[in-house]
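In terms of the UniProt record's numbering, the sequence shown has 173 at position 173, counting the first letter as 1, and numbering is strictly consecutive. Where a beta carbon is used, it is the ideal one built from N, C-alpha and C, also for glycine.
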Amino acid sequence: MVFKSLEDEFNFYKQYASLTGFDIRKSTNLKVSGIVVWRYVVCNREGHKHFAPIVNKPTHDDGVPKAKQRRCISNRVDCKARVAFMLVGGVGYTISSFIETHNHPMLSIPSRPFLKINRNLEIGHNKFMLNCAKANIGPMKSYRLFKESVGGYDNKQTCSAFHFDYDVDESDQLTRVFWCDPIARKKYAMFGDVISFDATFNTNRYIL
C-alpha cells in the first residue's frame, strides 16, 4: 500500500485508531534535502511526561506571594504502539513498521466519540469560539454559551414536532434536505404551501 502524501498516511492510521479506540499523535520525522523520508505516528499514551523541577518558595524576593503552579495529570504510560512510514521512490509513502500491541485498555465504543481524533467542530461553532476568544471567553465557557444558545444538547428530543431529513449522492454531497419545525408544520396546515430550494444552485467553496 502506497500513500501519495503524508496527510493520506496520517488519516489512514487515524481512521484505524478511531475504530480501535485510542488516540494518536505525530512523532519524529527524518528529512533529507527538506523532504520527509521517515514519519512516525505513535499512540497518544507513548512515553512519559517530563516534569520540570519545582522550587518551593512561598514568596518572591519582593514579598509578593507566588502564583500557584497548576498540576497537570499525565495519561502517558510508555505505550509502544506506533507505525512508521517511509518514502518510496519519491512517489509516495509505505508502511515500514507497525507495532499493534498496547499496554493499556482501549476505549469502549460509547466513549470513542470523545477521543481527540474524533472531535470535529462545525464551521459555525468554530467561528463562535474564535469570537468568544476575542472577548476573553475561554473554550469551556464559550461551549456552554453555544449550548444554551441552541437550546441544549437534546433540542431535537425535547421537541417531538421537529423533523428533518436529507439525501446525499455517491460522493456524500448534499442533494436534498427537508427541515420542518412546529411553526412550519402549523403554517402548512393553515395555508398548504411549501417552499423548495435547489440545493445544487450557486454552491459555495465547501460544495454546499
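query: Leu87 and Val37 closer than 8 Å at C-beta; result: yes
query: CB contact flag (Arg25, Val77, <8 Å); result: no
query: Asn25 - partner residues in DSSP beta bridges; result: Reading off the sequence, residue 25 comes out as Arg, not Asn. DSSP, once it has assigned bridges, lists Val42 as partnering Arg25.
query: Cβ-heavy atom distance, Lys141 to the ligand SAH, below 7 Å; result: Among the ligands in the structure shown, none appear at all, so the ligand SAH cannot be discussed.
query: Classification of Tyr93 by the beta-carbon crowding that lies within 10 angstroms, buried from 16 upward; result: buried
query: 6 Å CB neighbourhood of His163 in its chain, flanking five on each side removed; result: Cys180
query: Local conformation of Met86 per DSSP, three classes; result: strand
query: Inter-residue Cα distance where the pair is Ile137 and Val2; result: 44 Å
query: Residues that DSSP places opposite His163 in a beta bridge; result: Cys180
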